[in-house]
Amino acid sequence: MAHLIRRRALDLALQPPFLQTRAFSHGLPRGAFSNREQAQQPRVPSERSVRIAAKEMSQMTSDFGLLPDTIVAPSSANRPSLLASPNALAKLQWTRLKRKAADLLIMTIYRWSHRKHGLKIHFRKTAPTAVALHQQMYTAFAAGNVEVLKKITCEGLFDSFSSRIHTRPRGERWKWEVIKYTSKPRVMSNRAATLPVDDAGLRQAVVRICSKQRLSRYRSDGSLVPGTGEERDVMEYVVIQRILWEGKENDWMVWGTTEETTLEAIEEAKRKALE
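Just so we're aligned, residue 935 is where the sequence shown starts under the working numbering, counting upward by one.
Spelled out as structure tokens, the structure:
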């Protein structure tokens, strides 16, 4: 019942004029790892006790899904060709620019709405933060460190990691490492949304991370499991988020990964919005 209340409250928070609602999905990290591995809540008076506020925060889910209408621009290899499909490319770019302008406006309003708390956005820190969390997350997963994962990953992602850690062959040791980053990390989306509680909100960013990775698995006798330990070039769109509660922002966490946005996906979303 509590889960339904939290979900309903979130749906209400993401209604226009800021965002359009759609079904959320959980994202799972991809990279050196297997692809197996994304009723009205009343506004609470500001004078409520610290104990009540803490209880509400503990009940609030950290997994809000990917914010509706998030657009991740395709890489040059995947976007429509200027020569073969100029109209499709123009439509995709126009939609992306409109979304980016809207996101910037919403972020400005979000910051202004919480100005009394001295909220800072720190755009330049977004990409480095995502890279650091990306390293911590995969390193902790390889080491089987569920305590660290619980601190830096959202509920759905943590549940997936925890389940996979507990089903590993007994005695196996895993090691994940970044050989090098093959390009500079890039922020593809940087968004904000309000929550239906005083001084509460959500920020979410998508950061493209390109790297050469290696995952090695060792048996109990120290031998390398065949098929592991190979270097792989990986491009990931890592989704990170942080929650604002009682006017204070929590630490950034990893929600999961997402994919590039296609023109077909945009058209499908528009069609569903008209139904």
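Where a beta carbon is used, it is the ideal one built from N, C-alpha and C, also for glycine.
**Q.** CB contact flag (Arg1148, Glu1194, <7 angstroms)
**A.** Cβ atoms of Arg1148 and Glu1194: not closer than 7 angstroms.
Q: Measure the C-alpha to C-alpha separation of Pro1009 and Ser1015 and round it to an integer number of angstroms.
A: First, the amino acid is wrong: residue 1009 is Ser here, not Pro. The alpha-carbon atoms of Ser1009 and Ser1015 are separated by roughly 11 angstroms.
Q. What are the residues that DSSP puts in a beta bridge with Ser1123?
A. Under DSSP, Ser1123 takes part in a beta bridge, and its partners are Val1140.
Q: Inspect the beta-carbon positions of Val1168 and Ser1150 and report whether they are closer than 7 angstroms.
A: Going by C-beta atoms, Val1168 is not nearer than 7 angstroms to Ser1150.
Q: Report yes if the C-beta distance between Cys1088 and Trp1189 is below 7 angstroms; otherwise report no.
A: Result yes, Cβ atoms of Cys1088 and Trp1189 sit closer than 7 angstroms.
**Q.** Pick from Ile1200, Ile1113, Pro1062, Gln1070 that is closest to Glu1164, judged by C-alpha positions
**A.** Closest by alpha carbon: Ile1113.
**Q.** Three-way DSSP call (helix, strand, coil) for Trp891 in this model
**A.** Since the displayed the chain opens at 935 and closes at 1209, residue 891 lies outside it and no answer follows.
Q. Quick one, are the C-beta atoms of Ile1005 and Arg1033 less than 7 angstroms apart?
A. A contact, by the Cβ cut-off of 7 angstroms.
Q | Helix, strand or coil at Lys1054 [DSSP, three-state] | A | In this structure, Lys1054 counts as coil in the three-state DSSP scheme.
Q | Best match in His1068, Leu1031, Lys1085, Lys1182 for proximity to Ser1123 [C-alpha to C-alpha] | A | Minimum Cα distance to Ser1123 is reached at Leu1031.
Q: Assign Asp1093 to one of three DSSP states: helix, strand, or coil.
A: The answer is helix: DSSP assigns Asp1093 an H, G or I state.
Q: Taking only the alpha-carbon atoms, compute the straight-line gap between Lys1204 and Pro1002 and give it to the nearest angstrom.
A: In a straight line, the C-alpha of Lys1204 is about 12 angstroms away from that of Pro1002.
**Q.** Three-state secondary structure assigned by DSSP to Thr1195
**A.** Coil at Thr1195, not helix or strand.
Q.
I need the boundaries of the alpha helix (DSSP H) containing Ile1043, first residue and last residue.
A. For Ile1043, the uninterrupted alpha helix (DSSP H) run begins and ends at 1020-1047, by DSSP.
Q. Roughly how many angstroms lie between the CA atoms of Ala1139 and Gly1078, to the nearest whole one?
A. Their backbone Cα atoms lie some 26 angstroms apart in a straight line.
Q | Secondary structure of Glu1164, DSSP reduced to three states | A | When secondary structure is reduced to three states using DSSP, Glu1164 falls in the coil class, being assigned neither helix nor strand.
Q. What did DSSP end up calling Glu1111 once you bin it into helix, strand or coil?
A. When DSSP states are grouped into helix, strand and coil, Glu1111 belongs to the strand group.
Q.
Let me check one thing: in DSSP terms, what residues is Met1071 bridge-paired to?
A. Per DSSP, none; premise fails for Met1071.
Q. Between the beta-carbon of Arg1125 and the beta-carbon of Tyr1171, is there less than 7 angstroms?
A. No, the pair does not count as a contact, with Cβ atoms beyond the cut-off.
Q.
Could you pull the DSSP bridge partners for Ser1015 from this structure?
A. Within the DSSP bridge table, the entry for Ser1015 names no partner.
Q: Determine the direct distance from the alpha carbon of Tyr1152 to that of Ser980, and round the result to whole angstroms.
A: Confidence is the limiting factor: at Ser980 the pLDDT is only 33, short of 50, which leaves the residue's position unreliable, though a coordinate-based value still follows. Looking at the two C-alpha atoms, the distance is approximately 54 angstroms.
Q: Report the residue from Gly1181, Arg1058, Arg1102 whose alpha carbon sits nearest the alpha carbon of Thr1128.
A: Sorting Gly1181, Arg1058, Arg1102 by C-alpha distance to the C-alpha of Thr1128 places Gly1181 at the top.
Q) Got a sec? Which residues, its chain only, sit under 6 angstroms from Thr1029 by beta carbon, not counting five neighbours each side? A) Hits under 6 angstroms: Ile1200.
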